[in-house]
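Data block below; observations after.
Protein chains: 2
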Amino acid sequence: MPAVPAAHQRPAPDGGVRRRRAGRPSSAVLDKAGITSAALELVSRKGYDGLTMAALAKLLEVAPSALYNHVSSKQDVLLLVEDHLMSLVDVSSFGAAPWDDAVRTWAWSYRNVFAEHTPLIPVIAVLPVTDAPQTLAMYETVSKGFLDAGFPQERIISAIVALESFIFGSAYDVTAPEDIFDPGTMAESTPYFTAAVRGAAGTALRAADAAFMLGLDALIDGLGSLRREAD
Amino acid sequence: MPAVPAAHQRPAPDGGVRRRRAGRPSSAVLDKAGITSAALELVSRKGYDGLTMAALAKLLEVAPSALYNHVSSKQDVLLLVEDHLMSLVDVSSFGAAPWDDAVRTWAWSYRNVFAEHTPLIPVIAVLPVTDAPQTLAMYETVSKGFLDAGFPQERIISAIVALESFIFGSAYDVTAPEDIFDPGTMAESTPYFTAAVRGAAGTALRAADAAFMLGLDALIDGLGSLRREAD
DNA sequence: CCACTAAATGAATGGCATTCATTTATTAGA
DNA sequence: TCTAATAAATGAATGCCATTCATTTAGTGG
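Respectively, the protein sequence lines represent chains V and F.
Each number in this note's numbering comes from the position in the first sequence (counting from 1) with 7 added on.
Each number in this note's numbering comes from the position in the second sequence (counting from 1) with 7 added on.
This is the structure we're talking about:
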């Protein structure tokens, strides 16, 4: 990642109206780091619907086709964003707190980061870690945490994948409307479900948070029993 | 759902080339059931990238704009497909087998159905159940199963949501390439992760299946402890 | 000095969901 | 029974989107 500041970070000399003339500029306007941070800015301002190659180019004060000198597709941009977000996931508790506390901290942080970025989840799920250094770094720290906590080598990946699956699914829940389970006019024909929905209503936590806490505790308990020794 | 057979199910009288003349036909060509089954056929043949309004219209031997007399958007089509798929999820074990066996059967079936339809997961996660009768029916059966197994009313929704989150996340795993965790050239800098990946390699199950089994057992154990009485 | 490569512009391209005016047929109401 | 409203089709736009390509200009290595 070169130290060149991204174009959108310095003030446009003329209000962003004048065009660059064709041909290679003396100093490069674009680089991957700049594209990544512009994409993140766009997403936080307009959401993932607003993240188009055209909008990205405009923010970077560049023609859309110029982006393709640095990334090979929009999927590539999403990949850059995804890997950046992984560096925001808190793994600091591994090695500093007991295994179950560390997992809890990591999982909540991971869920909260991706709850704001659910359109990336399909990307992550299929992304080879080779192409994503930050992602790989996270897995390294977490793997070490599991090994040090006494997990048998051959179960570590499965355990992490199981937790991640739960985390990704739970990230979607956060974005769901609060009344998603309201049976509406069908209430009479679904008495058990309706009663369950009514029964859950009085809780202090948001529904998504209650479910995440419940499931995470169950997973930590169940997976923790695989350990050979305490930490 | 009218009993009118979908157009693509009867042989085209002329090889599918001749066009209908403009104006309302004597008997309706389209209905929601026909659109749903054509969408499913398209998905199974060409995947979700092949599911476009134009392709759907072509399969139904209709102009694309005709679809909008029956659905209000493509999202609406996805919703129809999603609700249909929910009727394929096996809930038959609830009431017929012990709670934990029933949950296991349901969860595997649910995961397997949506592993083939991951693009629908973002749709489901935000879909109000009111608009999806099959989905509602599934929740009703599962809720009753949990209540009868001794679950406290106010925890049932959270428990189901936790399981579903895990199921949706796990459905993505199934679609991931087998070597997604290969650290490649970064292997030296990530010794713990690399060792964990190597250690998991010898398993008989596919990686996604091993993780699903492990996580599901942990969840069933942990959630099962909430029950007041055995079944 | 020259060939090559890198990085920009700007003009296509083709696909996409969706809308609208129009046509025709059925249906409900006076 | 006529008539107005509604339902269901066509076909022609519309605007957005990612992506490609020819072209231009500027550095870089031999």
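From the three backbone atoms N, C-alpha and C, an ideal C-beta is built for every residue, glycine too.
As the structure is a prediction and not an experimental result, all values here were calculated from the model.
Requested in this report: Assign F:Arg235 to one of three DSSP states: helix, strand, or coil.
Outcome: Stepping through the second sequence from its first residue, residue 235 of chain F is reached at position 228. F:Arg235: coil per DSSP, three-state reduction.
Query raised in the report: When the cut-off is 8 Å and only beta carbons count, does V:Phe200 lie next to chain F?
Result: By 1-based counting over the first sequence, the position of residue 200 of chain V is 193. Interface residue, yes.
Query raised in the report: From V:Glu48, V:Arg234, V:Lys65 and V:Val69, pick the residue whose C-alpha is nearest to that of V:His91; which is it?
Result: The sequence position of residue 91 of chain V within the first sequence is 84, counting from 1. Comparing Cα-Cα distances from V:His91 to each of V:Glu48, V:Arg234, V:Lys65 and V:Val69, the minimum goes to V:Glu48.
Query raised in the report: What's the C-alpha gap between V:Arg27 and V:Leu74?
Result: One-based indexing of the first sequence puts residue 27 of chain V at position 20. One-based indexing of the first sequence puts residue 74 of chain V at position 67. If I take the Cα positions, the gap works out to 15 Å.
Query raised in the report: Exposed or buried, V:Ser94, counting other C-beta atoms within 10 Å across all chains shown (16 or more means buried)?
Result: Position 87 of the first sequence, counting from 1, holds the residue named residue 94 of chain V. By the neighbour-count rule (16 or more Cβ atoms within 10 Å), V:Ser94 is not buried but exposed.
Query - Supposed close pair V:Tyr199, F:Ser150 - CB separation, criterion 8 Å - result: If you number the first sequence from 1, residue 199 of chain V lands on position 192. If you number the second sequence from 1, residue 150 of chain F lands on position 143. 4 Å between Cβ atoms; contact.
Query - Cβ neighbours of F:Arg118 in the same chain (closer than 8 Å, five flanking residues each side left out) - result: On the second sequence, position 111 is the one that residue 118 of chain F refers to. Within the same chain, F:Arg118 has close Cβ partners Ile174, Ser177, Ala178, Val181 and Phe219.
Query raised in the report: Which residues share a DSSP beta bridge with F:Phe173?
Result: The residue labelled residue 173 of chain F in the question sits at position 166 within the second sequence. Answer by DSSP bridge pairing: none, since F:Phe173 is not bridged.
Query - Closer than 9 Å at the beta carbon, the chain F residues around V:Ile174 - result: Counted from its first residue, the first sequence places residue 174 of chain V at position 167. Within chain F, the residues near V:Ile174 are Ser172 and Gly176.
Query raised in the report: Excluding sequence positions up to five away, which residues of its chain have a Cβ less than 6 Å from the Cβ of V:Leu223?
Result: Start at 1 with the first residue of the first sequence, and residue 223 of chain V comes out as number 216. So the qualifying residues of the chain are Ala114.
Report task. List the whole-angstrom C-beta distance separating F:Ile227 from F:Asp107, where the pair is believed to meet the contact cut-off of C-beta under 8 Å. Result -> Within the second sequence, numbered from 1, the residue matching residue 227 of chain F stands at position 220. Within the second sequence, numbered from 1, the residue matching residue 107 of chain F stands at position 100. So it is a contact: roughly 5 Å between Cβ atoms.
Query raised in the report: Once you ignore the five residues that flank V:Val96 on each side, which residues in its own chain have a CB closer than 8 Å to its CB?
Result: Your numbering for residue 96 of chain V matches position 89 in the first sequence. So the qualifying residues of the chain are Trp113, Ser116, Tyr117, Val120 and Met145.
Query - Euclidean distance between Cα positions of V:Asp189 and F:Ser79 - result: On the first sequence, position 182 is the one that residue 189 of chain V refers to. On the second sequence, position 72 is the one that residue 79 of chain F refers to. Whole-angstrom Cα-Cα distance: 22 Å.
Query raised in the report: Out of V:Ile164, V:Gly41, V:Gly191 and V:Ala156, which has the shortest C-alpha to C-alpha gap to V:Ala103?
Result: Here residue 103 of chain V refers to the residue found at position 96 when the first sequence is read from its first residue. With distances taken between Cα atoms, V:Ala103 lies closest to V:Ala156.
Requested in this report: Output, in chain order, the set of chain F residues within a Cβ distance shorter than 8 Å of V:Asp189.
Outcome: Counted from its first residue, the first sequence places residue 189 of chain V at position 182. Within 8 Å Cβ-Cβ: Pro135, Val136 and Thr137.
Query - Nearest neighbour of F:Thr185, chosen from F:Ala166, F:Leu212, F:Glu171 and F:Ile167 [CA to CA] - result: Reading the second sequence from its first residue, position 178 is the one you call residue 185 of chain F. The identity of residue 185 of chain F in the sequence shown is Glu, whereas the question assumes Thr. It is F:Leu212.
Query raised in the report: To which residues does DSSP link V:Ala104 through a beta bridge?
Result: Here the question's residue 104 of chain V lines up with position 97 in the first sequence. Note: V:Ala104 sits in a beta bridge opposite V:Phe101.
Query raised in the report: Is it right to say F:Ala225 is buried, meaning 16 or more other beta carbons lie within 10 angstroms of its own, or is it exposed?
Result: For this step, residue 225 of chain F is matched to residue 218 along the second sequence. Buried is the call here.
**Report entry** Amino acids of chain V, ordered along the chain, whose beta-carbon sits closer than 7 Å to that of F:Asp224
**Finding:** Position 217 of the second sequence, counted from the start, is the residue given in the question as residue 224 of chain F. Result: Gly229.
**Report entry** Alpha carbon of V:Val50 to alpha carbon of V:Gly57, nearest angstrom
**Finding:** Here the question's residue 50 of chain V lines up with position 43 in the first sequence. Here the question's residue 57 of chain V lines up with position 50 in the first sequence. Approximately 7 Å, taken between the alpha carbons.
**Report entry** Entirely enclosed beta strand (DSSP E) segments - the stretch 177-220 of chain F, minimum 3 residues
**Finding:** none
Query raised in the report: Is V:Glu123 helix, strand or coil by DSSP?
Result: In the first sequence, residue 123 of chain V corresponds to position 116, counting from 1. DSSP places V:Glu123 in coil when its eight states are reduced to three.
Query raised in the report: Terminal residues of the continuous alpha helix (DSSP H) containing V:Ala142?
Result: Your numbering for residue 142 of chain V matches position 135 in the first sequence. Rather than Ala, the amino acid found at residue 142 of chain V in this sequence is Thr. That run of the alpha helix (DSSP H) goes Pro140 to Asp155.
Query raised in the report: Once you ignore the five residues that flank V:Ala70 on each side, which residues in its own chain have a CB closer than 7 Å to its CB?
Result: Within the first sequence, residue 70 of chain V is the residue found at index 63, counting from 1. Ala64, listed in sequence order.
Query raised in the report: Between V:Arg205 and V:Ala217, what straight-line distance do the alpha-carbon atoms span, to the nearest angstrom?
Result: For this step, residue 205 of chain V is matched to residue 198 along the first sequence. For this step, residue 217 of chain V is matched to residue 210 along the first sequence. Cα to Cα, the separation comes out at about 15 Å.
Query raised in the report: On the three-state DSSP scale, how would you describe F:Leu92?
Result: In the second sequence, residue 92 of chain F corresponds to position 85, counting from 1. Looking at F:Leu92 - three-state DSSP - the assignment turns out to be helix.
Query raised in the report: Quick one: is F:Ser72 buried, meaning 16 or more other Cβ sit within 10 Å of its Cβ, or exposed?
Result: Taking the second sequence and counting its residues from 1, one reaches residue 72 of chain F at position 65. Exposed, by the Cβ-count rule.
**Report entry** Helix, strand or coil at F:Val110 [DSSP, three-state]
**Finding:** Translated into the one-based positions of the second sequence, residue 110 of chain F becomes position 103. Helix at F:Val110.
Query raised in the report: When we look at the beta-carbon of F:Arg235 and count the other beta-carbons within 10 Å, is it buried (16 or more) or exposed?
Result: The residue you call residue 235 of chain F lines up with position 228 of the second sequence. It is exposed - the Cβ of F:Arg235 has fewer than 16 other Cβ atoms within 10 Å.
Query raised in the report: Would F:Val130 pass as a contact of F:Glu89 if the rule is Cβ separation under 8 Å?
Result: Within the second sequence, the letter at position 123 stands for residue 130 of chain F. Within the second sequence, the letter at position 82 stands for residue 89 of chain F. Yes; because the gap between Cβ atoms is below 8 Å, this pair is in contact.
Query raised in the report: Are the C-beta atoms of V:Tyr179 and some chain F residue less than 8 Å apart?
Result: For this step, residue 179 of chain V is matched to residue 172 along the first sequence. It does: the Cβ of V:Tyr179 has a partner Cβ on chain F nearer than 8 Å.
Query raised in the report: Under 8 Å between C-beta atoms, does F:Lys151 make it to chain V?
Result: Counting from one through the second sequence, the residue named residue 151 of chain F turns up at place 144. For F:Lys151, the answer is yes, since a Cβ of chain V falls inside 8 Å of its Cβ.
**Report entry** Contact set for V:Leu239: own chain, Cβ-Cβ below 8 Å, skip 5 residues either direction
**Finding:** With chain V represented from 8 up to 238, any question about residue 239 of chain V goes unanswered, as that position is not in the structure.
Query raised in the report: From the beta carbon of V:Val168, is the nearest beta carbon of chain F less than 8 Å away?
Result: Sequence index remark: in the first sequence, residue 168 of chain V carries index 161 (1-based). Chain F, which has a Cβ nearer than 8 Å to the Cβ of V:Val168, makes this yes.
Query - Pair within 8 Å by beta-carbon distance, V:Ile164 and F:Ala139 - result: For the purposes of this step, residue 164 of chain V is taken as the residue at position 157 of the first sequence. For the purposes of this step, residue 139 of chain F is taken as the residue at position 132 of the second sequence. Not closer than 8 Å, so no.
Query raised in the report: Would F:Asp21 count as contacting chain V if we go by Cβ distances under 8 Å?
Result: Taking the second sequence and counting its residues from 1, the one referred to as residue 21 of chain F is at position 14. Reliability of the predicted coordinates at F:Asp21 is poor, the pLDDT of 41 falling under 50, and the value obtained from them is presented with this limitation in mind. Cβ-Cβ to chain V under 8 Å: no for F:Asp21.
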